[in-house]
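Visitor: In my numbering, the protein residues as written are 4 to 540. Beta carbons: idealized from backbone N, C-alpha and C, even for Gly. Small disclaimer: the values here were computed from a predicted structure and weren't measured.
1) Assuming residue 399 contacts residue 338 under a Cβ cut-off of 8 angstroms, what Cβ separation, rounded to an integer in Å, is found between them?
2) Report the residue from 177, 408, 419 whose alpha carbon sits nearest the alpha carbon of residue 457.
3) Using three-state DSSP, classify residue 131 as helix, strand or coil.
4) Looking at residue 330: is its Cβ nearer than 8 angstroms to the Cβ of residue 514?
5) Looking at the strands, I want to know which residues DSSP matches up with residue 441.
6) Out of curiosity, what's the CA-to-CA distance linking residue 404 and residue 319?
7) With DSSP run on the structure shown, which of helix, strand or coil describes residue 246?
8) DSSP three-state label for residue 363, please.
9) Consult DSSP for residue 507 and reduce its assignment to one of helix, strand or coil.
10) Which parts of the region 259-303 are runs of the beta strand (DSSP E), unbroken and 3 residues or longer, counting only runs that do not cross its ends?
11) Report the partner residues of residue 424 according to the DSSP bridge assignment.
12) Considering only residues of the same chain and omitting the five flanking positions on each side of residue 444, which have a CB-CB separation below 8 angstroms?
13) So residue 195 is in the alpha helix (DSSP H); what residue range does that whole segment cover?
14) So, under 8 angstroms CB-CB, residue 100 and residue 81 are touching, yes? Tell me the CB distance rounded to an integer number of Å.
15) Reducing DSSP to helix, strand and coil, say where residue 178 ends up.
16) With a Cβ-Cβ cutoff of 8 angstroms, do residue 205 and residue 218 count as a contact?
17) So, do the region 279-288 and the region 308-315 have three or more beta carbon pairs nearer to each other than 8 angstroms?
18) Rounded to whole angstroms, how far is the Cβ of residue 546 from the Cβ of residue 220, which I believe are closer than 8 angstroms?
19) Name the residue from 366, 345, 173 whose alpha carbon lies nearest to the alpha carbon of residue 382.
20) Grab the span of the beta strand (DSSP E) containing residue 116 for me, first residue to last.
21) Can you grab the Cα-Cα spacing for the pair residue 49 / residue 107, in whole Å?
22) Output the distance between the C-alpha atoms of residue 481 and residue 519, rounded to the nearest integer angstrom.
23) Starting from residue 77, trace the beta strand (DSSP E) both ways and give me its first and last residue.
24) May I ask you to verify whether the region 413-430 touches the region 351-363, counting CB pairs closer than 8 angstroms and requiring at least 3?
25) Measure the C-alpha to C-alpha separation of residue 233 and residue 163 and round it to an integer number of angstroms.
26) Using 8 angstroms as the threshold, is the C-beta distance between residue 327 and residue 509 below it?
27) So, at 6 angstroms on beta carbons, what are the nonlocal neighbours of residue 321 in its own chain, with the 5 sequence-adjacent residues on each side left out?
28) Tell me where the alpha helix (DSSP H) around residue 54 begins and ends.
29) Is residue 252 helix, strand or coil when you go by DSSP?
So this is what it looks like as structure tokens:
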């Protein structure tokens, strides 16, 4: 078998035999250039085509040697390698060498050569070979490699961008899902998967979005929608394909509310955002409930306020009996358990009461409505305070919830007899000045609170109430005000808390002066209901 080197050698030997070039007349016209050296590697022949294609003047090679190419820009390292091959009398084939020409241009030569020998003696006679300028091919190859490198870099950057996008989407606190134009899943984040408890096989790229909806149908409150699972899936697919950007909400069977917002992408896909709005829904529900309760409490407070004697009634009843009457009632919450009442009785007599139910809020307020109704039902007993309290107690024992009770004062003022007849059920002791020039004193207010036991008895007590007299009724807030030592004031010390107030010219001025410290700062909540009534003669 003939080797490739031997084949090349025979081909070159045939084409470059002495005189063969002149006979063929083709060496100067071929695109490749043919060259030959002697035993000293000096040029014995180089085709003129070399100068046309290599960028090196053909004449510059005449009489020179192979190593003279280095001076013309041939790569020195490449020349050393080439000379080593020649010294070893080896064949070289299609070896590419870089050449830097004097004008700064870089060229690439591809050289092939074989040694030839004297046919008579067999001695080494030189080298023959072909040369080709392959600069264009190398440039194209370099350009292709650069393009491939740029493509690889672009692909790498695209992968990095995709990874960053995926990381960014994963960091989004809302559920994110991207579906292509064929309704196949492109990607979603873990929030979306966890929101609907989706298995891994349903959230791989390419998974049908409709399969995700079927899984979600299991978690959706279909009963409230009135749809079957398939009807719900079909309706959601229609909404998904429209993707108008309108926000909708779905209710899950575990009580969660999910807000959905879907929009179309430029390539026909759909991007969707899912937000768990359960807490916002609950807050809104609580806010609506709070607003409703506030409105109801406001209405109830207005109704409770209507139970109190109006300023007009106070003036009318007072004028009829020659009395100056004023009252104030403020609750510690939206609704309170304090109430006071006023009524004109026979022969210029006036009935007045103050009641304080235990607790605050709705229950205490309902109890004031109960008492107001009972006072009207028992108005025939208005002239007998003790009997009235006995009957009130009997009924309240049956009406009040367990643990509820009330303290109460009820008195009948008779200006014609300069007297007041009253009965008490454990109320704060009324303050009285019997007439002009008299000292202030506390009335006996002992007695069991109403609603505690059905066997409670009450007695009528009497006190003088002549011209210049002043009567002050009040709730226990005044008795709970703490003195400088931090102790509760108590009934006896109430007089010390209101110095000078009782000497005001009018009953209204007395009430305003006593209540002002509690009401001047609306932002400060009362620790208890505050009720004060002043009656002057």
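Guide: For this structure:
1) About 18 angstroms; that fails the 8 angstroms criterion.
2) 408
3) strand
4) yes
5) Residue 441 pairs with nothing; no bridge assigned.
6) 37 angstroms
7) coil
8) coil
9) coil
10) 260-267, 273-279
11) 415, 465
12) 434, 435, 436, 437
13) 193-199
14) 4 angstroms
15) strand
16) yes
17) no
18) No statement about residue 546 is possible, as the shown extent of the chain runs from 4 to 540 and does not include it.
19) 345
20) 109-120
21) 24 angstroms
22) 12 angstroms
23) Per DSSP, residue 77 belongs to no beta strand (DSSP E) and is neither H nor E.
24) yes
25) 40 angstroms
26) yes
27) 327, 328
28) 52-57
29) strand
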